[in-house]
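One structure is given here, and the rest of the page talks about it.
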Amino acid sequence: DVCSSDLGGSFSLATSGNDLNLVYTAPVLTSYDYIAGTGNWSTGANWAGGAAPSGSGLSVTFSGAGGTATNDGQLASVKGITFTGSATGSYVLNGSALSIGASGVVNQSASAQTVQNVLTATAATVVSADSSNLTLTGTFDNGGFGLTLQGGSAVSLSTDRKSTRLKSSHLVISYAVFC
């Protein structure tokens, strides 16, 4: 017995000539959880549910044992990146550049995390080291939007000054160690 709420989608009826068809519409995923260690973002087996993310405006989370996770051109834009409390090891994200939305980059894991990708903000962005240190080593361009660094652990922007751009807006530091 399968119920549409068990699958997360919906059923509808449609007619085609004299035929009555039952149509299932799958849900549109807006968040993907990377559960592998080292690997590429384009490999479906590295993600919960077995499908690699595609599209824009998605949130990506990292919940595995840590390792090097490479955005091999799979995504150009994300709403945000979160290292969940279930991430039991340190990740190093690298590869293709990303536009990043208001959800920013958040570390809820007890392990230190590093993002080496070039990041360009598309909205006011939060970078938060809630449970352990978070280091951004790639170019960061806030695109003229506000940037808030916060959390109980250290947030490090470890890029050269020529490549990190904080344009005509504000920087808020709250409860973070800025390195």
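Sequential numbering from 1 applies to the sequence shown in this note's numbering.
Glycine is no exception: its CB is placed at the ideal position from the N, C-alpha and C atoms.
Run through DSSP, which three-state label would residue i get?
i: Gly44; result: helix
i: Phe145; result: coil
i: Asn21; result: strand
i: Asn117; result: coil
i: Gly89; result: coil
i: Ser150; result: This sequence places Gln at residue 150; Ser is not what is there. Looking at Gln150 - three-state DSSP - the assignment turns out to be strand.
i: Ile81; result: strand
i: Ser132; result: coil
i: Ala14; result: strand
Near residue i, which residues of its chain fall below 8 Å by C-beta distance, leaving aside the five closest residues on each side in sequence?
i: Ser132; result: Asn107, Ser109, Ala110, Ser111, Ala112, Gln113 and Ser153
i: Asp1; result: Annotation note: pLDDT 42 at Asp1 (below 50); position unreliable, coordinate value reported separately. Around Asp1: no qualifying Cβ.
i: Val23; result: Phe11, Ser12, Leu13 and Ala14
Any idea if residue i is buried or exposed, counting beta-carbon neighbours within 10 angstroms, 16 or more meaning buried?
i: Ser56; result: exposed
i: Gly73; result: exposed
i: Ala36; result: buried
i: Asn46; result: buried
i: Ala76; result: exposed
i: Asn21; result: exposed
i: Ala180; result: In this structure the chain extends from 1 to 179, so residue 180 is not present and cannot be described.
By Cβ distance below 6 Å, which residues in the same chain neighbour residue i in space, the five residues on each side in sequence not counted?
i: Thr61; result: Asp33, Thr82 and Thr84
i: Thr68; result: Thr38 and Val92
For residue i, I'd like the list of residues in its chain whose CB is within less than 7 Å of its CB, leaving aside the five on either flank, ordered along the chain.
i: Ala86; result: In the sequence as displayed, the identity of residue 86 is Ser instead of Ala. Hits under 7 Å: Ser63.
So residue i and residue j are supposed to be a Cβ contact under 8 Å. How far apart are they, rounded?
i: Gly138; j: Gln116; result: 5 Å
i: Thr135; j: Ser158; result: 6 Å
i: Ser31; j: Ser59; result: 4 Å
Is the beta carbon of residue i less than 7 Å from the beta carbon of residue j?
i: Gly95; j: Lys79; result: no
i: Ala65; j: Gly39; result: no
i: Val127; j: Leu149; result: yes
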